[in-house]
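Asks: Have a look at this one before I ask anything.
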Ligand SMILES: Cc1ncc(COP(=O)(O)O)c(C=O)c1O
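Residue numbers (our numbering), protein chains in the order written: chain L, 88 to 216; chain X, 3 to 407.
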């Protein structure tokens with residue numbers, strides 16, 4: 088399979104690899120996918136107020152899955168939660184020139200962003216109690 | 003050292019220069035049709051084919067008249083299984099094979115099922131091996147054929163062919179073995195090994211692509227086949243079509259060379275395989291060997307690197323030409339049916355790599371490969387949420403995953 092230059096670039100130099108403290112009230116964690124499907128993404132965001140100030144990821148999956156999640160962390164950084172929620176998987180497909188068989192990777196990345204945001208909102212709401 | 007390094011000898015092998023040399027005259031001056039009986043061009047082609055038949059037969063302990071030339075193993079498998087089914091279908095409708103077979107066998111079996119045959123697909127054990135006991139237990143009054151491969155193309159496991167052959171002969175059931183990966187790699191003797199039908203493909207033993215043969219036993223028992231290709235009645239009516247003379251000459255030379263160097267090549271492959279495995283396993287934790295430690299092709303090493311996905315691993319080691327158990331033939335992410343039949347688990351199935359070592363592999367290439375694999379697996383594990391969880395002591399099977407299946 089031929090990979091686009093952007094996928095190769097993210098695969099070779101993934102951005103924002105790592106983990107944030109998942110116990111922290113300002114950190115939201117989204118874990119999506121399943122090992123038997125061949126993809127698992129963990130995407131974490133750290134917020135200050137309503138703004139995402141840091142993002143990290145780890146991904147088990149093909150090169151396109153790694154690139155999709157790496158790109159997602161780049162895109163969410165600096166955005167408000169609402170702005171990040173509006174990121175659509177088709178934008179990832181376009182940016183990385185993903186072929187049809189890899190579209191599910193972009194869907195997973197979008198799901199990971201949403202799951203991380205839901206997690207941090209959840210924490211915030213339960214704190215307010 | 004030429005990059006990418008070729009370590010995919012189970013997929014195909016380069017043509018040995020000596021094989022090419024032997025073939026060349028038959029593309030040139032000796033271009034005759036082996037079926038032309040009326041002139042010297044034909045006689046010379048016929049003589050080349052007949053010498054080739056002798057050499058090939060000798061390699062597997064058969065006689066020349068028992069060799070039927072085909073376009074390769076896929077065709078030989080189709081001819082063997084469909085030919086037997088059509089000939090003996092009135093006697094019985096039951097066929098035994100296994101889930102770990104090559105697609106050519108599995109799809110032919112499925113075709114026969116549609117025609118009213120009843121096929122038992124045995125599960126191999128976790129090492130990919132089918133036991134004689136399992137075959138015996140599956141046998142019925144109406145079993146007419148057992149079709150089991152000698153050496154598995156993905157994991158290199160060898161089936162107990164001689165014992166299964168004996169069982170079949172004792173029961174009066176025909177025994178076909180797909181020996182595509184075995185001939186030229188291990189000693190094969192159709193008499194001692196109790197084989198009725200066996201296929202060979204030239205491109206797996208340093209011969210050209212698109213040529214192979216089927217051994218069809220002529221005595222004790224005499225196996226009869228219904229031909230699957232209508233035409234001029236070549237190959238004693240079993241396979242019509244003008245013979246591929248250069249290809250057949252190449253197959254014969256490839257067989258001769260492999261018989262001549264069987265011992266030294268076995269040692270060469272074993273030494274390199276052990277070197278590769280040790281070099282990788284000394285430096286990486288959680289490496290899983292797929293296959294059978296005792297009954298194994300020397301030139302095949304199938305390893306899984308759990309918590310790393312196969313396709314991303316292949317992408318990282320693109321200086322090395324290998325196959326992955328997960329990427330398989332299409333763009334689908336289906337794990338290989340062989341690993342699935344061995345019930346090795348998803349993490350292992352999705353992260354498997356087959357390293358195929360052969361005649362022209364060098365130590366330098368093995369060392370380069372080991373270094374590269376270690377480097378890339380380490381890097382991808384740094385990136386893997388699964389590896390992180392495992393290091394934290396989480397049992398992945400207890401996690402509630404969100405993915406749909
Ligand atoms: C075990 C086995 N059987 C059959 C085949 C098919 O052989 P051929 O390429 O000659 O059709 C192969 C090779 O792909 C194989 O490895």
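The C-beta atom is built at its ideal place from N, Cα and C for all residues, glycine as well.
1) Between the alpha carbons of residue 282 of chain X and residue 149 of chain L, how many angstroms are there, rounded?
2) Note down the Cα distance separating residue 195 of chain L from residue 120 of chain L, rounded to an integer number of angstroms.
3) If I follow the unbroken alpha helix (DSSP H) through residue 164 of chain X, where does it start and stop?
4) Just to be sure I understand the criterion: a residue counts if its Cβ is closer than 6 Å to at least one heavy atom of ligand 1. Which residues meet that?
5) Indicate whether residue 177 of chain X and residue 200 of chain X have their beta-carbon atoms separated by less than 7 Å.
6) Considering only C-alpha positions, which residue in the set X:229, X:187, X:147 is nearest to residue 261 of chain X?
7) Check the Cβ of residue 146 of chain L against every Cβ in chain X and list those closer than 8 Å, keeping chain order.
8) Return the bridge partner residues of residue 201 of chain X from the DSSP annotation.
9) In whole angstroms, what is the alpha-carbon distance linking residue 329 of chain X and residue 143 of chain X?
10) Can you name the residues of chain X whose CB is closer than 9 Å to the CB of residue 143 of chain L?
11) Under 7 Å Cβ to Cβ from residue 169 of chain X, same chain only, skipping five residues before and after it: list those, please.
12) So which residues on chain B does residue 129 of chain L lean against when the C-beta distance must stay under 7 Å?
13) With 7 Å as the threshold, decide whether the Cβ of residue 121 of chain L is near any Cβ in chain X.
14) Within 7 Å of any Cβ in chain L, is that where the Cβ of residue 411 of chain X sits?
15) Determine whether the Cβ of residue 150 of chain L lies closer than 7 Å to any Cβ atom of chain X.
16) How many Å lie between residue 292 of chain X and residue 317 of chain X at the Cα?
17) Rank X:355, X:172, X:351, X:156 by C-alpha distance to the C-alpha of residue 298 of chain X and give the top, closest one.
18) To the nearest angstrom, report how far apart residue 409 of chain X and residue 350 of chain X are at their CA atoms.
19) Since residue 183 of chain L and residue 94 of chain L should fall inside the 8 Å C-beta cutoff, what is the C-beta to C-beta distance between them, to a whole number of angstroms?
20) Assuming residue 124 of chain X and residue 140 of chain X are in contact, meaning their beta carbons sit under 8 Å apart, how far apart are those beta carbons, in whole angstroms?
21) Which residues does DSSP list as the beta-bridge partners of residue 357 of chain X?
22) On the DSSP bridge list, what partners appear for residue 292 of chain X?
23) May I have a chain-ordered list of the alpha helix (DSSP H) segments no shorter than 4 residues that lie completely inside the stretch 242–301 of chain X?
24) Below 6 Å CB to CB, which residues in the same chain sit around residue 202 of chain X once its five sequence neighbours on both sides are set aside?
25) I want to see whether chain L comes within less than 7 Å of residue 237 of chain X, judged by CB atoms only; does it?
26) Under 7 Å, do residue 250 of chain X and residue 29 of chain X count as touching if we go by C-beta distance?
27) Can you name, in chain order, every residue of its own chain whose Cβ lies under 8 Å from the Cβ of residue 86 of chain X, other than the five neighbours on each side?
28) If you reduce the DSSP assignment to three classes, tell me which class residue 210 of chain L lands in.
29) Does the separation of the CB atoms of residue 271 of chain X and residue 301 of chain X fall below 7 Å?
30) Can you give me, in chain order, the residues of the stretch 345–361 of chain X that have a beta carbon less than 7 Å from any beta carbon in chain L?
31) Which word fits residue 295 of chain X, buried or exposed, when buried means at least 16 other C-beta atoms lie within 10 angstroms of its C-beta?
32) Who are the neighbours of residue 118 of chain L on chain X, taking C-beta pairs under 7 Å?
33) Counting only C-beta atoms, is residue 48 of chain X closer than 7 Å to chain L at any point?
34) Quick one: which chain X residues come within Cβ less than 8 Å of residue 106 of chain L?
35) For the alpha helix (DSSP H) containing residue 374 of chain X, list its first residue and its last residue.
Replies: Answer, in terms of the structure:
1) 22 Å
2) 7 Å
3) 163–173
4) X:74, X:75, X:76, X:104, X:106, X:151, X:155, X:180, X:182, X:183, X:203, X:214
5) no
6) X:187
7) 385, 386, 387
8) X:180, X:216
9) Note that residue 329 of chain X has pLDDT 44, beneath the 50 cutoff, so the model's placement of it is unreliable and the number below is only indicative. About 40 Å.
10) Going along chain X, no residue has its Cβ under 9 Å from residue 143 of chain L, so there is no contact; the nearest lies around 11 Å.
11) 134, 137, 138
12) Structure shown: chain B not included; protein chains present are L and X.
13) yes
14) Residue 411 of chain X is absent from the model: chain X starts at 3 and stops at 407.
15) yes
16) 21 Å
17) X:156
18) Lying outside 3 to 407, the shown extent of chain X, residue 409 of chain X is not represented and no answer is given.
19) 5 Å
20) 6 Å
21) X:303
22) X:304
23) 247–262, 264–283
24) 185, 214, 215
25) no
26) no
27) 146, 147, 176, 178, 199, 225, 227
28) helix
29) yes
30) 348, 349, 352
31) exposed
32) 387
33) no
34) 390
35) 365–384
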